[in-house]
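Student: Per the working numbering, residue 72 is the first one in the sequence shown, and the count goes up by one each step.
Don't be surprised by glycine CBs; every beta carbon is placed ideally from N, CA and C.
Here the structure is a predicted model, which means the values were calculated and not measured.
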Amino acid sequence: VKRGYYLSAEYLLGRAFQNALVNLDLEPAFKEAMMGLGFELEDLYPFEADPGLGNGGLGRLAACFLDSMATLSLPCWGYGIRYNYGIFKQDIVNGWQVERP
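(1) In terms of alpha-carbon separation, which member of 118, 170, 143, 167 lies closest to residue 85?
(2) Quick one: using the 10 Å Cβ neighbour count with 16 as the cut-off for buried, is residue 82 buried or exposed?
(3) Among the candidates 149, 128, 167, whose CA atom is the shortest distance from the CA of residue 78?
(4) Buried or exposed: where does residue 133 fall if 16 or more other Cβ atoms within 10 Å of its Cβ makes it buried?
(5) Taking buried to mean at least 16 other C-beta atoms within 10 Å of its own C-beta, is residue 166 buried or exposed?
(6) Do residue 75 and residue 135 have their beta-carbon atoms positioned less than 7 Å apart in this structure?
(7) Helix, strand or coil, according to DSSP, for residue 170 in the structure here?
(8) Which runs of the alpha helix (DSSP H), 4 residues or longer, sit entirely within the region 85 to 161?
Have a look at this one:
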């Protein structure tokens with residue numbers, strides 16, 4: 072099987088909760104369950120933290136490519152730079168990435 076690999080310095084994925092509910096066809100059931108508890112499902116969406124894995128158009132484009140590949144069930148993987156602090160400055164020291172907030 073051939074595979075595709077996408078390398079990007081950032082992925083601006085955005086929030087995933089509502090997208091996941093829609094893709095799994097669970098949004099109507101969740102909405103009904105929340106209403107049964109006295110809540111509006113739409114009131115929950117703003118509480119999801121944005122993953123903060125990028126800040127610009129290239130990050131958004133990378134995320135769209137991954138989303139499209141997943142939608143088409145293509146055997147593809149996305150790779151990025153490993154970091155812990157969200158948007159950061161980086162240096163390469165002795166061949167290793169060093170993050171600086």
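Tutor: Reading off the structure:
(1) When each option's Cα is compared against that of residue 85, the closest is 118.
(2) buried
(3) 149
(4) buried
(5) Looking at its Cβ environment, which holds fewer than 16 other Cβ atoms inside 10 Å, residue 166 is exposed.
(6) no
(7) strand
(8) 88 to 94, 98 to 107, 128 to 142
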